[in-house]
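Reviewing the structure listed below.
Chains as they are written, first to last, in the numbering used here: chain A, 1 to 554; chain B, 1 to 219.
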C-alpha cells in the first residue's frame with residue numbers, strides 16, 4: 001500500500017532540501033527521512049516509473065527519454081583553458097527520478113584501500129592534484145556493506161584475492177555466468193590472472209516489490225521494467241516515500257541556492273514545469289546533482305559574499321574533474337554466445353588494480369570486465385570488425401553472423417586529478433531557461449592514455465588466449481565526452497585545497513552539504529557508483545549527528 | 001569509462017547531428033509508423049505516402065534495398081523500411097525532411113555523373129547501384145562527421161541510419177512487426193531469458209575457486 005505522500009509548502013521551512021534524486025540524492029533522502037527529518041527532494045527530470053520504460057532504441061538513445069537533453073541543455077567543450085569552447089554534446093547523465101542509476105551498467109565494485117591513500121603510498125605526481133582522502137576504506141566499509149544489503153547487490157565474497165576486507169558477505173549470489181564470462185574466465189586463468197563473478201547492482205533473487213533479473217538484454221542505457229536493477233528509483237526513493245516524510249518533487253530545476261543575511265543557506269530556488277520560480281525553504285541544503293550539475297549550481301549561485309561561486313573560497317569548485325580512463329577490445333567467436341541475453345557483465349578481474357609504475361612506465365591501475373552491452377541498432381551502427389562494409393550483402397552477412405558471436409572486454413582505469421580539467425559556466429551559450437550552459441574542459445593526463453592502451457593490450461592478449469576468430473581494439477584517444485563525473489567539489493580537511501570536509505559540509509557554508517561524484521578525491525578504477533552510494537549513507541549519518549547535536553544551524 | 005557511451009554517442013550524433021530531435025511526445029507516431037509500414041508492404045499498389053512523392057519513395061526504396069539487400073534472406077524492402085521512414089518523416093522525424101528533399105536530387109546527380117545514360121538510381125542494375133554507393137565509402141571511412149561532406153553524402157548516411165533503425169528496432173515496441181531484422185541477426189524476440197544463453201556457458205560447471213587464489217600476483 002502506498003503511504004500518503006506529504007506536500008510541503010515552499011514557504012514551510014523543511015529540515016532538508018535535497019537537490020537531485022540519483023545514486024546519492026536518493027540515499028540521502030531515504031536516510032534523513034528514515035531518521036525522522038522532513039525532506040523535500042527537488043529533481044529536474046520527470047518522475048517515470050517502470051511502466052514508462054521501453055526497449056525502443058530510438059526513444060531511449062536518440063530522444064533522450066532518460067537523459068539530459070542536448071537541445072534544452074546545450075553544452076560546450078574545449079581541451080584546455082586557453083581555448084574557446086565550441087558547442088558539442090559533452091556529457092550524459094540520467095535526468096529523471098533515480099538519476100543516472102536508472103540507466104547505468106550496474107557494475108558495482110567497492111574501491112580498494114589503495115584508492116584512499118595512494119598519494120602517501122606512491123608519493124606526489126608532478127603537475128597533478130593527486131592527494132589522499134580525509135577518510136579511509138575502513139571508514140567506508142560499513143557503508144559499502146549497507147549499500148549491498150539495503151540497495152541490493154549480487155556477488156560472491158572472497159572470490160577475488162584482491163578484494164578489500166569486508167564485514168559481511170553479499171546478500172545474494174552472483175548473477176548467472178554469460179558466454180562472455182566463461183570465455184573470459186577460462187582465458188584469464190590460462191594467463192595466470194584471477195577472474196571472479198562480477199558484483200552487480202542487479203538482483204539475482206527477488207526482493208519485496210522487485211523481480212530478479214529477467215535477462216531481457218536491454219540494460220545499459222535503459223531503465224529496468226521489473227525493478228531488478230538497483231537504481232535509486234527502484235530502491236532508496238521508494239524507501240524514502242514509505243516514511244511519509246519525504247516529498248519527491250519532479251520537474252523542479254534548481255538553479256540557485258539562496259543565502260540568508262547570516263551567510264547560511266535559506267533554501268533552493270527552482271523552476272517548476274511551467275517555468276515559474278519558487279524558493280523551497282529549508283534548514284539545510286544537500287546538493288546531490290552529480291559531478292557536473294553540482295559545481296554548476298554553486299557557480300550559478302555566486303553572490304556578494306561569494307563572487308566566484310557559492311562555497312568556492314578555495315577556487316576549486318568544478319576543478320579536478322576525473323572521467324576515468326579505459327578502453328574496449330572486441331572479439332568474435334565461432335559459436336553463438338547470445339550474449340545479448342542478460343545484463344552486461346558477469347566476470348571481472350582486478351589483477352591490474354595496482355600497477356607498478358617502475359615496471360610499466362606510468363602511474364595507474366584498473367579492472368577488466370567481460371561484457372556485451374549492445375542493443376541491435378547500436379551494434380549495427382558501430383560494432384562490426386574494422387573494414388567490414390557499411391552496406392550491402394557483406395554488411396548484412398556480418399550482422400547476421402556477428403551479433404550473437406561478439407563479446408567485448410572493457411578496461412576501466414584511473415584518471416589523475418588535474419586542476420585544469422573542469423566543469424564551468426560557458427560565457428556565451430545558454431540553456432533553454434536562459435542560464436549559462438555547462439562547459440567541459442578536459443585533456444587526459446598522458447599516463448591515463450598509456451594506461452588505457454596498456455589495458456587494451458591485455459584485453460587483446462586475453463582474446464588471443466581465448467581463441468577469438470577475429471579481434472580488434474582502438475587506440476586510446478583524448479576524451480571529450482563525460483560519463484563518470486568525478487572530483488569537482490573534492491573532499492578534504494584543508495579549506496584552501498578542498499570544497500567539502502569529511503562530513504560533506506562545505507567549508508564555507510555551515511548548512512550546505514554536497515554529496516555525489518563531485519566529492520571524490522581520486523577516481524578509483526572506473527566504477528564509481530558503489531562508492532558514491534556508500535558516501536551517501538555515511539554522509540547521511542554525519543549530517544544526522546550534526547543536526548541532532550544542534551550543530552547545523554546552531 | 002566513457003567509450004561505451006562514446007559509441008552510443010555515435011548513434012546520438014548520427015541522429016542529432018544530421019537530423020531531428022526525436023521528440024518523445026511523438027512516440028505514438030513511431031508505433032503507428034511501424035504498423036503502417038507492415039500494412040503498406042503487403043499492399044504497395046494502393047499505398048499513399050505522407051511525405052514522399054511516389055517517385056521519391058521508389059528511389060528511397062531502391063537505395064534501402066541495396067543497403068540491406070534481399071538475398072537468401074529478406075532485407076530492407078521486405079521489412080517495409082520505406083514506409084517506416086515516410087511515416088517517420090511525416091511525424092516525429094520531420095526535421096529530417098530537408099535531408100531527403102534536398103539530398104536526393106544531389107544523390108541522383110551523382111548517379112547521372114557516373115552513368116550518364118541514367119537519371120535515377122532505381123533504373124540502374126544492381127551492379128551499377130553498388131558502384132554508385134561505393135562512391136560514399138571513402139568519405140565515410142575518413143571521418144565520423146558525415147554532415148560536412150555535402151548533401152549527397154549526408155543524405156546517404158541518414159538513409160543508411162534510418163534503414164538500419166527501421167530494420168532493427170525492437171519489433172514489439174515500434175519496429176517492423178514482422179521481426180525480419182531481429183530474425184536475421186539471431187536476436188530472439190522475447191524479452192526474458194533463462195541461462196544457459198549460448199554455446200559457451202551451456203556446460204559451465206559452476207564457479208570454482210582457482211588453485212592458489214591466495215597468491216596475490218601483481219604485475
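C-beta: ideal position from N, C-alpha, C; glycine also.
Small disclaimer: the values here were computed from a predicted structure and weren't measured.
Starting from residue i and walking both ways along the beta strand (DSSP E), at which residues does that stretch end?
i, result
"residue 270 of chain A", "265-271"
"residue 76 of chain A", "75-78"
"residue 472 of chain A", "470-473"
"residue 184 of chain B", "Taken as a continuous stretch (DSSP letters only), residue 184 of chain B belongs to no beta strand (DSSP E), being part of the alpha helix (DSSP H) at 180-185."
"residue 283 of chain A", "277-287"
"residue 84 of chain B", "That residue, residue 84 of chain B, is in no beta strand (DSSP E); its alpha helix (DSSP H) goes 81-90."
"residue 513 of chain A", "512-514"
"residue 42 of chain A", "39-42"
"residue 368 of chain A", "366-371"
Shorter than 8 Å from the beta carbon of residue i to some beta carbon of chain B?
i, result
"residue 364 of chain A", "no"
"residue 518 of chain A", "no"
"residue 179 of chain A", "yes"
"residue 194 of chain A", "yes"
"residue 49 of chain A", "no"
From residue i to residue j, what distance separates their C-alpha atoms?
i, j, result
"residue 21 of chain B", "residue 120 of chain B", "With a pLDDT of only 26 at residue 21 of chain B, under the threshold of 50, the placement of this residue in the model should not be trusted; the figure read from the coordinates follows. Each residue's alpha carbon lies about 31 Å from the other."
"residue 59 of chain B", "residue 56 of chain A", "27 Å"
"residue 429 of chain A", "residue 64 of chain A", "21 Å"
"residue 193 of chain A", "residue 379 of chain A", "29 Å"
"residue 219 of chain B", "residue 214 of chain A", "Its pLDDT being 42, under 50, residue 219 of chain B is placed unreliably in this model, and the value from its coordinates should be taken loosely. Near 38 Å, if we compare the C-alpha coordinates of residue 214 of chain A and residue 219 of chain B."
"residue 142 of chain A", "residue 155 of chain B", "56 Å"
"residue 318 of chain A", "residue 504 of chain A", "16 Å"
"residue 482 of chain A", "residue 125 of chain B", "46 Å"
"residue 574 of chain A", "residue 366 of chain A", "Past the boundaries of the shown model lies residue 574 of chain A; chain A is included only from 1 to 554, so the question cannot be answered."
"residue 203 of chain B", "residue 145 of chain A", "33 Å"
"residue 457 of chain A", "residue 196 of chain A", "20 Å"
"residue 542 of chain A", "residue 536 of chain A", "10 Å"
"residue 155 of chain A", "residue 197 of chain B", "20 Å"
"residue 435 of chain A", "residue 99 of chain B", "32 Å"
"residue 112 of chain A", "residue 320 of chain A", "21 Å"
"residue 495 of chain A", "residue 358 of chain A", "34 Å"
"residue 590 of chain A", "residue 179 of chain B", "Chain A is shown only over 1 to 554; residue 590 of chain A falls outside these bounds and no answer can be derived."
"residue 6 of chain B", "residue 170 of chain B", "Any reading at residue 6 of chain B is ruled out, since the residue's pLDDT is 42, under 50, leaving its predicted position unreliable."
"residue 354 of chain A", "residue 139 of chain A", "21 Å"
"residue 81 of chain B", "residue 166 of chain B", "6 Å"
"residue 105 of chain A", "residue 180 of chain A", "16 Å"
Show which residues of chain A have a CB atom less than 9 Å away from the CB atom of residue i.
i, result
"residue 107 of chain B", "Those do not exist, as residue 107 of chain B stays about 14 Å from chain A at its closest Cβ, beyond 9 Å."
Is there a Cβ from chain A that is less than 8 Å from the Cβ of residue i?
i, result
"residue 68 of chain B", "yes"
"residue 81 of chain B", "no"
"residue 185 of chain B", "yes"
"residue 152 of chain B", "no"
"residue 130 of chain B", "yes"
"residue 169 of chain B", "yes"
"residue 89 of chain B", "no"
"residue 71 of chain B", "yes"
"residue 78 of chain B", "no"
Kindly identify the DSSP beta-bridge partner or partners of residue i.
i, result
"residue 407 of chain A", "A:331"
"residue 424 of chain A", "A:439"
"residue 243 of chain A", "DSSP, once it has assigned bridges, lists no residue as partnering residue 243 of chain A."
"residue 85 of chain A", "Bridge partners of residue 85 of chain A: none, in fact."
Residue i touches chain B at which residues, Cβ-Cβ below 7 Å?
i, result
"residue 22 of chain A", "In chain order: nothing, as chain B lies at least about 16 Å away."
"residue 338 of chain A", "197 and 198"
"residue 393 of chain A", "69 and 71"
"residue 341 of chain A", "193 and 197"
Can you name the residues of chain B whose CB is closer than 9 Å to the CB of residue i?
i, result
"residue 189 of chain A", "210"
"residue 335 of chain A", "198, 199 and 200"
"residue 404 of chain A", "185, 186, 187 and 198"
"residue 156 of chain A", "207"
Residue i versus chain A: which residues are under 7 Å apart at the beta carbon?
i, result
"residue 173 of chain B", "54, 55 and 56"
"residue 192 of chain B", "214, 215 and 216"
May I ask which residues mark the beginning and end of the alpha helix (DSSP H) holding residue i?
i, result
"residue 157 of chain B", "151-168"
"residue 65 of chain B", "54-67"
"residue 27 of chain A", "23-34"
At a CB-CB cut-off below 8 Å, which residues of chain A make contact with residue i?
i, result
"residue 204 of chain B", "177 and 182"
"residue 133 of chain B", "391 and 392"
"residue 75 of chain B", "396"
Applying a beta-carbon distance threshold of less than 8 Å, which residues of chain B neighbour residue i?
i, result
"residue 104 of chain A", "Neighbours of residue 104 of chain A on chain B: none; closest Cβ ~10 Å, over 8 Å."
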